[in-house]
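>
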Amino acid sequence: MTNIALHIEYLLTKQDCVILPGWGAFISHHSRAFSFEDSCQFKRPNKHITFNQALDHNDGMLAHSIIRREGVTYEAANKQIADFVASLKKQIEVDGTIALGRIGCFKSNDESMVFEPYSNANACDYNFGLSDLNIKTLSQLMQTEAASINGQNDDAESTIIMPTWGKRFIQIAASIAVLLCMTFMLSTPLSYDSKSDYAALNSPLKVHSATDNSLQHGNEANLTIALPSTEAPVAEKAVIATEVLPKAITTEKSEPKASEPAAKTTVEIPHNPDGIYYLIVSSFETRTQAEKFIAQHNDDLRILESDGRYRIYAAQSNSQKTLSSVAKHLQSRYPGCWILRL
Numbered sequence: 000m001t002n003i004a005l006h007i008e009y010l011l012t013k014q015d016c017v018i019l020p021g022w023g024a025f026i027s028h029h030s031r032a033f034s035f036e037d038s039c040q041f042k043r044p045n046k047h048i049t050f051n052q053a054l055d056h057n058d059g060m061l062a063h064s065i066i067r068r069e070g071v072t073y074e075a076a077n078k079q080i081a082d083f084v085a086s087l088k089k090q091i092e093v094d095g096t097i098a099l100g101r102i103g104c105f106k107s108n109d110e111s112m113v114f115e116p117y118s119n120a121n122a123c124d125y126n127f128g129l130s131d132l133n134i135k136t137l138s139q140l141m142q143t144e145a146a147s148i149n150g151q152n153d154d155a156e157s158t159i160i161m162p163t164w165g166k167r168f169i170q171i172a173a174s175i176a177v178l179l180c181m182t183f184m185l186s187t188p189l190s191y192d193s194k195s196d197y198a199a200l201n202s203p204l205k206v207h208s209a210t211d212n213s214l215q216h217g218n219e220a221n222l223t224i225a226l227p228s229t230e231a232p233v234a235e236k237a238v239i240a241t242e243v244l245p246k247a248i249t250t251e252k253s254e255p256k257a258s259e260p261a262a263k264t265t266v267e268i269p270h271n272p273d274g275i276y277y278l279i280v281s282s283f284e285t286r287t288q289a290e291k292f293i294a295q296h297n298d299d300l301r302i303l304e305s306d307g308r309y310r311i312y313a314a315q316s317n318s319q320k321t322l323s324s325v326a327k328h329l330q331s332r333y334p335g336c337w338i339l340r341l
């Protein structure tokens, strides 16, 4: 079964009054941030939850929250609420007390019920994560600073001062260490090879020596360069293939025919001014926000002012089934659209 308490907790963050049909109404009261004169604590804004057992009629808000979350019909949502209330009444008759989610607990008191909200129940979603502040006054800050200064003075007096001769000894020792390092580096001999390395030691270049016959006859010495042979060895000669490769057989591929586009289905969007069902696509707190939303869309959207909110609806009819089919058609453009009954 659906956890109705979760829907009530969510709606309390958005609304000031949430009615559980057949049980009562949860009412939230706003409190602004404030501070105590005799302390340095600043309280954050909050919502305090109370309970009124006399307001138990069905306003449709809780049912439509279940419809949006689970996608069930209006009748099925009301049946879930009725079953939940019946289980609450049966449990409080047997145990005398019952806890409702993170909101609070109920205790049976003769013919009435006493509601005790939890201390950590906070219906403010706009200040989620904020906590109370502890801020010191100017006089307290000045006292703390004066105490820290006095503590620093006491620490300075108790600090042991190194004598002057100790500092002088450390400087002399550091200078001697630097001089020893430099002496070691300068006195180390550097060895190097006087022979030069030349590339191409096995070059085919040949030079006749002074004892050659040509030099003895007074002729100039000629440079003879051994050129590599242009004929490749028999084993390395390329073999020309004499086989004729078969021609590649190409097959023509038939191009797939483009499938005909599927016929588009059209849904008639009703606007019956006497209809009691509205297809809501969005909801705002001010009319300016609602008009801005309509200006951003090209559909035939209209404004329904109810319960202090401005809801945008795309269709109006006396048939809930008709609006359900329209909602499926507009689901891609307006996700989460739902049906409201007035």
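Reading the sequence shown from the start, the letters are residues 0 to 341 in numbering that gives the first Met the number 0. Beta carbons are placed, not taken as given, at the ideal position from N, Cα and C, and that holds for glycine. Treat the numbers as computed from the prediction; the structure is a model and nothing was measured.
If we ignore side chains and look at the alpha-carbon of each, how far apart do Ile171 and Ser186 end up?
Spanning the two alpha carbons is a distance of roughly 23 angstroms.
> Can the beta-carbon of Ile275 be found less than 8 angstroms from the beta-carbon of Arg340?
Closer than 8 angstroms, so yes.
> Quick one: what does DSSP say Phe283 is sitting in, helix, strand or coil?
It is a strand residue.
> Whole angstroms is fine: what's the gap from Cys336's alpha carbon to Gln330's?
Whole-angstrom Cα-Cα distance: 7 angstroms.
> Classify Glu110 as helix, strand or coil using the three-state DSSP reduction.
The answer is coil: DSSP assigns Glu110 none of H, G, I, E or B.
> Can you look up Lys46 in the DSSP assignment and give me helix, strand or coil?
It is a strand residue.
> May I ask you to report which of helix, strand or coil DSSP gives Leu303?
Of the three classes helix, strand and coil, the one that applies to Leu303 here is strand, per DSSP.
> So is the beta-carbon of Asn108 under 7 angstroms away from any non-hydrogen atom of the ligand MG?
Among the components modelled here there is no ligand, and therefore nothing to report on the ligand MG.
> Hey, Ser34 and Phe41: beta-carbon distance below 8 angstroms or not?
Yes, Cβ-Cβ distance for Ser34 and Phe41 is below 8 angstroms.
> Looking at the strands, I want to know which residues DSSP matches up with Gln315.
Gln315 is bridged to His270 and Tyr277.
> Can you tell me the Cα-Cα spacing of Ile268 and Ile48, whole angstroms?
Cα to Cα, the separation comes out at about 41 angstroms.
> Once you ignore the five residues that flank Phe83 on each side, which residues in its own chain have a CB closer than 6 angstroms to its CB?
Ile3.
> Given this structure, state the Cα-to-Cα distance separating Phe25 from Asp55, to the nearest angstrom.
Approximately 10 angstroms between the Cα atoms of the pair.
> Determine the direct distance from the alpha carbon of Ser281 to that of Tyr9, and round the result to whole angstroms.
Taking the straight line from one Cα to the other gives about 17 angstroms.
> Please state whether the Cβ-Cβ distance between Tyr333 and Ala314 is less than 8 angstroms.
In this structure, Ala314 does not lie closer than 8 angstroms to Tyr333 by Cβ.
> Within this structure, are the beta carbons of Asn51 and Gly21 separated by less than 8 angstroms?
Not a contact, by the Cβ cut-off of 8 angstroms.
> Output the boundary residues of the beta strand (DSSP E) element that contains Thr96.
Thr96 to Leu99 is the extent of the beta strand (DSSP E) around Thr96.
> Using CA atoms only, rank isn't needed, just tell me which of Ala98, Val17, Ile175 and Gln288 is closest to Ser64.
The candidate whose alpha carbon is nearest that of Ser64 is Val17.
> Output yes or no for whether 8 angstroms exceeds the beta carbon distance between Tyr73 and Ala62.
Contact: yes.
> State the start and end residues of the unbroken beta strand (DSSP E) segment that holds His63.
Looking at the DSSP string, His63 is not in any beta strand (DSSP E); the run it does join, the alpha helix (DSSP H), is Met60 to Glu69.
> Helix, strand or coil: how does DSSP classify Ala209 here?
With a pLDDT of only 44 at Ala209, under 50, the local geometry of the prediction cannot be trusted, and no value is derived from it.
> Please check the pair Phe114 and Gly103, which I expect to be a contact at CB under 8 angstroms, by giving their CB distance rounded to whole angstroms.
6 angstroms between Cβ atoms; contact.
> How about Arg308 and Glu284: do their beta carbons lie closer than 8 angstroms?
A contact, by the Cβ cut-off of 8 angstroms.
> Any idea if Thr321 is buried or exposed, counting beta-carbon neighbours within 10 angstroms, 16 or more meaning buried?
So Thr321 counts as buried.
> Among Val177, Lys327 and Arg286, which residue has its Cα nearest to the Cα of Thr265?
Thr265 has its Cα closest to that of Lys327, out of Val177, Lys327 and Arg286.
> Helix, strand or coil: which one does DSSP assign to Ser27?
If DSSP states are grouped into helix, strand and coil, Ser27 belongs with the strands.
> Applying the criterion that 16 or more other CB atoms from any shown protein chain within 10 Å of the CB defines a buried residue, is Ile134 buried or exposed?
Burial call: exposed.
> Anyone know if the C-beta pair for Asn342 and Ser316 falls short of 8 angstroms?
Nothing about residue 342 can be reported from this structure: the residues present for the chain run from 0 to 341 only.
> Just the Cα atoms here: how many angstroms apart are Ser324 and Arg301?
Approximately 19 angstroms, taken between the alpha carbons.
> Who are the Cβ neighbours of Val238 in its own chain at under 7 angstroms, not counting the five residues just before and after it?
Low confidence applies here, because Val238 scores a pLDDT of 41, under 50, leaving its location unreliable; read the following figure in that light. Taken in chain order, the list of residues that qualify is empty.
> Provide the residue span of the beta strand (DSSP E) that contains Leu19, from first to last.
Its beta strand (DSSP E) spans residues Cys16 to Leu19.
> Which residue comes first and which comes last in the beta strand (DSSP E) that contains Ile338?
That run of the beta strand (DSSP E) goes Trp337 to Arg340.
> Nearest-angstrom Cα distance between Leu11 and Ser27?
About 7 angstroms.
> If you follow the alpha helix (DSSP H) that Leu5 is part of, which residue opens it and which one closes it?
Here the alpha helix (DSSP H) through Leu5 covers Ile3 to Lys13.
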